[in-house]
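Visitor: Below are the structure tokens for one structure; questions will follow.
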């Protein structure tokens, strides 16, 4: 069953509609300013949400957005709208916003340089149908039955989208994206468990998600308190992603670096992590959630070695920051939506190094953390509550810990890493393994 | 509108508007512009649960086109199995307070100039970066449901953030101030806020990391407000209670805190979390969540009121284009009768904490965490050295017992609260409060 049974009044734009609209806007814009960029995004999604063990909500969405950027004598303007038919108002707003912006060094938007390439972040097998989300939900519930817990909530989401980027130098790039994600929360007494899975393809494993969420809820019952002190920790990819995302990622953003907002600003060429560790952006990863041949400004993407064997080697730049500070764009422009200007980010951030067994010696396992967004992005200091803290011994889960706070510093932690586990997980657009850290401060009782 | 047999109820919430954003970074106007949006949510209650459509660029169709949207939503609802009931609730819309100065009447150029003055005020000697941002969102909201309740209103929220960064020998620290309002343009004559952010960043360079452990703590009104929001507010949300994902589930009438503690959520207050009517057309009003230490009521929408009880509907809120969820609005701890001096006098070894970088809660487990911007150690009732990067954590069912004093004056602070991928404007507030044996986290060691 297609959920969208009727022809909707805002039917998704066809490729021909988009091509025509793009040309019209660019022609009109060129009469007003030196350069014009048009960004059109849209898509559809369907989701099913659990209330305890029953589906309470099924949602279908249609999204649409137009973004316009104008550049004139180094003055950059932008606007966006969800109504492409009102593009003229949007273009005028972009031009008028440009007149207020401080002029800057500007070497031009890119010209077309890429031929059509295979889609990296799209699977044609992903179908936006409510029944598929429904099936995933029931598979999760089945997985959760492995442990005697109560399911509290969960969801399955399927989406596909398209994106067109065009500019007045002739760039006309288009791509498609797909994403499937499932998540489940369970509880047993006062022990909660959360797990999720996501993929560009239909390869998510809902049953395993249900089983793992239920395991953590079940395992965490009757945890024991822990005395305050220093402990070895094993951070799950989920916990590690939160700490890296809130502190490390902003610190390698070229804009933060040159604005004086990064502790790593003067550390190029220096050791910033254990010498076994490499951190890089891989935009070409097959079925990577952020994979793309070109960035949000049409600059061809490339692999960026941010940290190579412990040494900080490169920061991330977009055109604007690059031109201003005499650097080349690293193809790292990203848009979070259709409004506003593109910013700097990563496509698929990969954390890598020699792999080993890191669960053999006892350690406290950190499944997730509560409050990572309160970390200090400048200094890197954080103190967060651990979700599902538990001892691990001989490679397996041992006694659960009732409650523990973890305080540390993200920059110091990168130097402390003593082991990286085999395997990895995709968390958002990060690809991360489990890591082991010695001597981390835990505040217990 | 004739509804087919599958549709027990429907509503439409259409939000149109525009967002203006200004970003000034180290005296460079990075961007100053306006974007436009129009987005709608159509909810249909089928024979079991909800079928919902969210549509960008909604064109308000009528007749057959609208009917076909309803059937699309109804067909989605076929996969639902949860038997959703809606409680009756009073309808009605409150007047939106008249703005002192409508930001829409002030040119973008003038606003950019005023923001620039705040930004430059933060640029003190030793400051390496200053950044000011201004955000203004004007919304026109239209609501209609299948019972012929129909409301529309316009509201504009605007405000600014100013950040200053100080750096010395690889030590980078930030000072941060913000002010947001529903009462109109609030950026005039605010240079002092910029200077404060600069002074804070500079003084944090010399502040020490705190050594974690249990200690007595005084929280300023802003941080105490976040404490109320994280420690109690989320766990009182009816959807979490219904799911069995809140430790406050089944606790109505039970004492969970000292009789000094009363915690309220009130979307009708003219603070940043004000809603003239909730997102399902229900009249808004005050809910006393904790009444002198006893769990009094939960926050509800019509669905959770029907399934859980104990409270009133009117707490459904939504970002434009998103389905409503049970949310807090203006959440606060009521005033007590202690002075700040009395709180200091009662502390041998402790800490006083100011400002907030946010917090998070696991309501089912009953554990929360939140973070202060800065603080000072207290020894023998005296304020001592400055500390930075201090978090507090606690357990919902015991933490309110540890509140020993509440101050006399309440102050509200503005922010945004995230839940289910949506972000809504809220305000939190409290008087100064004093907690015994709080769990304080910091990276310092003895």
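Chains as they are written, first to last, in the working numbering: chain S, 2 to 446; chain A, 591 to 1036. For each residue, glycine too, the CB sits at the ideal point set by N, CA and C.
If you drop the 5 nearest sequence neighbours on each side, which residues of the same chain put their C-beta closer than 8 Å to that of residue 966(A)?
Guide: So the list reads 941, 942, 973, 974, 975, 976 and 977, once near-sequence residues are dropped.
Visitor: Going by CA-CA distance only, name the one from 1012(A), 991(A) and 1033(A) that's closest to residue 1027(A).
Guide: That would be 991(A), whose Cα lies nearest to the Cα of residue 1027(A).
Visitor: Opposite residue 1003(A) in the DSSP bridges: which residues?
Guide: Per DSSP, 1018(A).
Visitor: What does residue 333(S) touch in chain A if you count any residue whose Cβ is under 8 Å from its own?
Guide: Going along chain A, no residue has its Cβ under 8 Å from residue 333(S), so there is no contact; the nearest lies around 17 Å.
Visitor: Could you check what DSSP says for residue 391(S) in three-state terms: helix, strand or coil?
Guide: Looking at residue 391(S) - three-state DSSP - the assignment turns out to be strand.
Visitor: Residues of chain B with CB closer than 7 Å to the CB of residue 379(S), please, in chain order.
Guide: Among the chains of the structure shown, chain B does not appear; the protein chains present are S and A.
Visitor: Taking C-beta pairs closer than 8 Å, name the residues in chain A that residue 151(S) reaches, listed in chain order.
Guide: Near residue 151(S) (Cβ distances below 8 Å), the residues of chain A are 834.
Visitor: If you draw a straight line from the C-alpha of residue 191(S) to the C-alpha of residue 954(A), how long is it?
Guide: About 6 Å.
Visitor: Can you give me the Cβ contacts of residue 9(S) inside the same chain, cut-off strictly under 6 Å, excluding the 5 residues immediately before and after it?
Guide: Legend: pLDDT at residue 9(S) = 43, less than 50; position of this residue unreliable, value from coordinates given subsequently. Answer for residue 9(S): no residue qualifies.
Visitor: I'd like the span of the beta strand (DSSP E) that includes residue 801(A), first residue to last.
Guide: 801 to 809 is the extent of the beta strand (DSSP E) around residue 801(A).
Visitor: Listed from N- to C-terminal order along the chain, which residues in the stretch 50 to 61 of chain S have their beta-carbon within a distance smaller than 7 Å of any beta-carbon of chain A?
Guide: Cβ contacts with chain A come from 52, 53, 55, 56, 57, 58, 59, 60 and 61.
Visitor: Where does residue 203(S) sit, in a helix, a strand or coil, going by DSSP?
Guide: Coil at residue 203(S), not helix or strand.
Visitor: Could you tell me the alpha carbon to alpha carbon distance between residue 741(A) and residue 243(S), rounded to whole angstroms?
Guide: Roughly 41 Å separates the two Cα atoms.
Visitor: Select from 646(A), 1021(A) and 639(A) the residue whose C-alpha is nearest the C-alpha of residue 853(A).
Guide: Considering only alpha carbons, the answer is 1021(A).
Visitor: Just verifying my parser: in three-state terms, what is the DSSP assignment at residue 436(S)?
Guide: Note: residue 436(S) maps to strand in three-state DSSP.
Visitor: Which residues in chain S sit within 7 Å of residue 837(A), going by Cβ to Cβ distance?
Guide: Those within 7 Å of residue 837(A) in chain S are 191.
Visitor: For residue 952(A), would you say it is in contact with chain S, using Cβ-to-Cβ distances shorter than 7 Å as the test?
Guide: Cβ-Cβ to chain S under 7 Å: yes for residue 952(A).
Visitor: From this set, 269(S), 241(S), 238(S) and 239(S), which residue's C-alpha is nearest residue 253(S)'s C-alpha?
Guide: Closest option to residue 253(S), Cα to Cα, is 269(S).
Visitor: For residue 706(A), which of 866(A), 720(A), 674(A) and 875(A) has the nearest alpha-carbon?
Guide: Out of 866(A), 720(A), 674(A) and 875(A), 720(A) has the C-alpha closest to the C-alpha of residue 706(A).
Visitor: Report the neighbours of residue 947(A) on chain S: residues whose CB is nearer than 7 Å to its CB, in chain order.
Guide: Simply 375.
Visitor: Where does residue 54(S) fall in DSSP's three states?
Guide: Three-state result, residue 54(S): coil.
Visitor: Going along the chain, which residues of its own chain have a beta-carbon closer than 8 Å to the beta-carbon of residue 143(S), five neighbours each way excluded?
Guide: Within the same chain, residue 143(S) has close Cβ partners 208 and 211.
Visitor: Where does residue 746(A) land, buried or exposed, given buried means 16+ other C-beta within 10 angstroms?
Guide: Under this definition residue 746(A) is a buried residue.
Visitor: How would you write the range of the alpha helix (DSSP H) that residue 258(S) sits in, first residue to last?
Guide: Segment 255 to 260, the alpha helix (DSSP H) holding residue 258(S).
Visitor: Closest by CA to residue 98(S), which one among 83(S), 115(S), 425(S) and 77(S)?
Guide: Checked all of 83(S), 115(S), 425(S) and 77(S); the closest Cα to residue 98(S) is 77(S).
Visitor: Buried or exposed for residue 688(A), going by 16 or more other Cβ atoms inside 10 Å?
Guide: It counts as exposed.
Visitor: Between the stretch 723 to 749 of chain A and chain S, which residues of the former have CB atoms less than 8 Å from a CB of the latter, in chain order?
Guide: If the cut-off is 8 Å between Cβ atoms, the stretch 723 to 749 of chain A has nothing near chain S.
Visitor: What first and last residue would you give for the alpha helix (DSSP H) that runs through residue 832(A)?
Guide: Element bounds for residue 832(A): 828 to 833.
Visitor: Is the stretch 858 to 876 of chain A touching the stretch 767 to 778 of chain A, taking contact as three or more C-beta pairs under 8 Å?
Guide: Short answer: they touch.
Visitor: Can you name the residues of chain S whose CB is closer than 7 Å to the CB of residue 1039(A)?
Guide: Nothing in the structure corresponds to residue 1039(A), since chain A is present only between 591 and 1036.
Visitor: Closer than 7 Å, Cβ to any Cβ of chain A: which residues of the stretch 389 to 416 of chain S, in chain order?
Guide: Answer set for the stretch 389 to 416 of chain S: 404, 406, 408, 409 and 410.
Visitor: Check the C-beta distance from residue 421(S) over to residue 355(S) and give it rounded, since I have them as a contact under 8 Å.
Guide: Correct: roughly 7 Å between the Cβ atoms.
Visitor: From which residue to which residue does the beta strand (DSSP E) around residue 982(A) run?
Guide: It spans 972 to 985 - the beta strand (DSSP E) in which residue 982(A) sits, taken as one unbroken run.
Visitor: Would you call the stretch 333 to 346 of chain S and the stretch 311 to 321 of chain S in contact, with 3 or more CB pairs under 8 Å?
Guide: The stretch 333 to 346 of chain S vs the stretch 311 to 321 of chain S: in contact.
Visitor: Go to residue 113(S), then tell me how far its beta strand (DSSP E) extends in each direction, as first and last residue.
Guide: Here residue 113(S) belongs to no beta strand (DSSP E), and DSSP marks it neither H nor E.
Visitor: Within 10 angstroms of its Cβ, does residue 435(S) collect 16 or more other Cβ (buried), or is it exposed?
Guide: Classification of residue 435(S): buried, given that the 10 Å Cβ count is 16 or more.
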